[in-house]
Amino acid sequence: MKGMKPKEYLAVKDCIQNMGDSVDQLSRSMKELGLMGQVASGDFDWHVSNVQTWVSAALTNENTCQDGFTGSAMDGNVKKLQDIKLVVIH
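Under this note's numbering, the residue at position 39 of the sequence shown is numbered 39, and the numbers go up by one with no gaps.
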């Protein structure tokens, strides 16, 4: 990414990886929710626990991504990329 410092580039690269992981975790959660109506009552709590774990991990990934953009890295182009990411997620 043109004009970025190495630290900013790494923060963006990590953020892209984290967001990809979040998409995977949220997709797994959606599939798990679809299974919940088809399972015996004893398995229901297990499916709920899976969904809670994966959604929590996705939220943690977002926070980790934001943490990578602290201090001077929040100036300029990296800040714009972060704002775009937040719009896409929310």
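Positions of the beta carbon are idealized from the N, C-alpha and C atoms, including for glycine.
On a predicted model such as this, the values are computed, not experimentally measured, just so you know.
With burial defined as no fewer than 16 other Cβ atoms inside 10 Å of the residue's Cβ, what is the status of residue i: buried or exposed?
i     : result
Asn18 : buried
Asn97 : This structure cannot settle anything about residue 97, because the visible part of the chain is limited to 1 through 90.
Val12 : buried
Phe69 : buried
Just to check my reading of the structure: residue i and residue j have Cβ atoms closer than 8 Å, yes? What is that Cβ distance to the nearest angstrom?
i     : j     : result
Val48 : Leu26 : At roughly 16 Å, the Cβ-Cβ gap does not stay under 8 Å, so Val48 and Leu26 are not in contact.
Work out the CA separation of residue j and residue i for me, nearest whole Å.
i     : j     : result
Asn50 : Leu35 : 11 Å
Ile16 : Thr64 : 11 Å
Gln38 : Thr53 : 20 Å
Asp24 : Ala57 : 10 Å
Gln66 : Asp21 : 15 Å
Asp45 : Leu33 : 11 Å
Lys7  : Asp43 : 45 Å
Taking residue i as part of the alpha helix (DSSP H), name the residues at either end of that continuous run.
i     : result
Gly20 : Pro6 to Leu35
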